[in-house]
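Right, one structure below, let's go through it.
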Amino acid sequence: MKNIKSIYCDFDGTITKKDTVNTFFETYASEKWLEYEELWIAGKITSRENAIAQVSLINSISEKQLNDYVESIEIDDYFLDFLAFTKREKIKFTILSDGFDLFIEKTLKKYGLQNIPYFANHLIYENNKFKIDFPYHNLKCDIGAGMCKCNKVSEENFCYIGDGTSDLCVAKKADLLFATKKLKRYCEQNSIPHFAFSSFKDVVDILTENNELHDF
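The opening residue of the sequence shown carries number 1 in this note's numbering; numbering runs sequentially from there.
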């Protein structure tokens with residue numbers, strides 16, 4: 001096994017208890033957002049096309065509504081313990097998200113975690129309206145993501161932690177993979193080696209008990 005010095009991780013539904021993007025659209029967009037979501041999951045549109053269409057469904061929300069929404073976002077109960085573990089083991093940790101940087105930035109700030117590097121789609125809030133930009137879009141992305149996660153992984157040997165559709169490509173390339181929810185089912189159906197987890201306590205326990213970081 002190869003030595004792992006970097007861990008990359010999804011944000012929505014992995015670090016956070018709920019998918020912050022989907023919950024946001026459930027709260028503030030028309031139900032048509034679900035139609036676009038289904039088209040994306042079925043592979044009929046890209047995640048970039050999906051995000052543009054869904055954001056366009058939000059007419060207007062106040063700054064208070066936005067702040068109240070971000071304040072409601074909760075992270076996994078053991079995520080802070082996991083970060084302490086990565087710091088102790090001198091492991092580089094980076095968030096890779098096909099969601100919105102605005103939610104990540106505000107959530108990390110709320111928990112005092114501003115130093116964590118992250119890459120995500122750029123959600124712009126001006127005059128009570130939103131627009132979206134894709135600074136990390138890659139036309140050659142295998143899954144047509146708005147933020148190409150594979151393009152942000154520089155190491156040959158890395159660990160990845162994820163839960164959903166936007167993780168499918170990068171998960172296949174990880175030397176060590178932790179999967180939950182949709183990603184877990186995908187790995188099971190396609191015989192992709194992985195560790196299943198339900199919280200970051202599981203991740204730390206598995207890494208510690210199996211000494212995976214040093215023996216992989």
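Even glycine gets a Cβ: it sits at the ideal position worked out from N, Cα and C. It should be emphasised that the depicted structure is a prediction, and the values quoted were computed from it without experimental measurement.
First and last residue of the uninterrupted beta strand (DSSP E) at residue i
i	result
asparagine 121	118 to 126
isoleucine 7	6 to 9
aspartate 175	It is not in any beta strand (DSSP E) - aspartate 175 carries neither H nor E in the DSSP assignment.
serine 72	Looking at the DSSP string, serine 72 is not in any beta strand (DSSP E); the run it does join, the alpha helix (DSSP H), is 63 to 72.
lysine 131	129 to 133
leucine 96	92 to 100
Separation of residue j from residue i, as counted between CA atoms
i	j	result
asparagine 59	threonine 46	23 Å
tyrosine 160	leucine 57	32 Å
asparagine 115	aspartate 81	16 Å
aspartate 12	glycine 146	14 Å
phenylalanine 130	alanine 53	12 Å
alanine 84	glutamine 65	32 Å
valine 203	isoleucine 7	11 Å
lysine 184	isoleucine 41	16 Å
leucine 102	asparagine 3	33 Å
arginine 88	asparagine 22	34 Å
phenylalanine 216	lysine 140	Summary for phenylalanine 216: the model assigns pLDDT 44, below 50, so the residue's position carries little reliability; its value from the coordinates is reported in the next sentence. About 30 Å.
threonine 107	lysine 32	27 Å
aspartate 133	asparagine 50	13 Å
glutamate 156	phenylalanine 100	27 Å
valine 153	cysteine 169	12 Å
lysine 182	threonine 165	7 Å
glutamate 35	glutamate 209	43 Å
glutamate 126	threonine 20	20 Å
Assumed close pair residue i, residue j - CB separation to whole angstroms, cut-off 8 Å
i	j	result
lysine 17	glutamate 74	5 Å
isoleucine 124	aspartate 76	That pair is no contact at about 28 Å.
Run of the alpha helix (DSSP H) containing residue i, from where it starts to where it stops
i	result
alanine 51	47 to 55
isoleucine 161	Premise fails: isoleucine 161 lies in the beta strand (DSSP E), 159 to 162, not in any alpha helix (DSSP H).
alanine 84	79 to 88
lysine 184	181 to 189
Pair within 8 Å by beta-carbon distance, residue i and residue j
i	j	result
phenylalanine 119	cysteine 9	no
histidine 194	leucine 177	yes
cysteine 150	tyrosine 136	no
asparagine 128	isoleucine 61	yes
isoleucine 192	alanine 171	yes
aspartate 205	threonine 180	no
phenylalanine 197	alanine 174	no
tyrosine 111	phenylalanine 200	no
Counted within 10 angstroms of its Cβ, other Cβ atoms place residue i as buried (16 or more) or exposed
i	result
aspartate 167	buried
arginine 48	buried
methionine 1	In this prediction, methionine 1 scores a pLDDT of 35, lower than 50, which makes its location untrustworthy; the coordinate-derived value is nonetheless stated afterwards. With fewer than 16 other Cβ atoms within 10 Å, it is exposed.
serine 97	buried
lysine 90	exposed
aspartate 68	exposed
asparagine 190	exposed
glutamate 224	Residue 224 is absent from the model: the chain starts at 1 and stops at 216.
threonine 27	exposed
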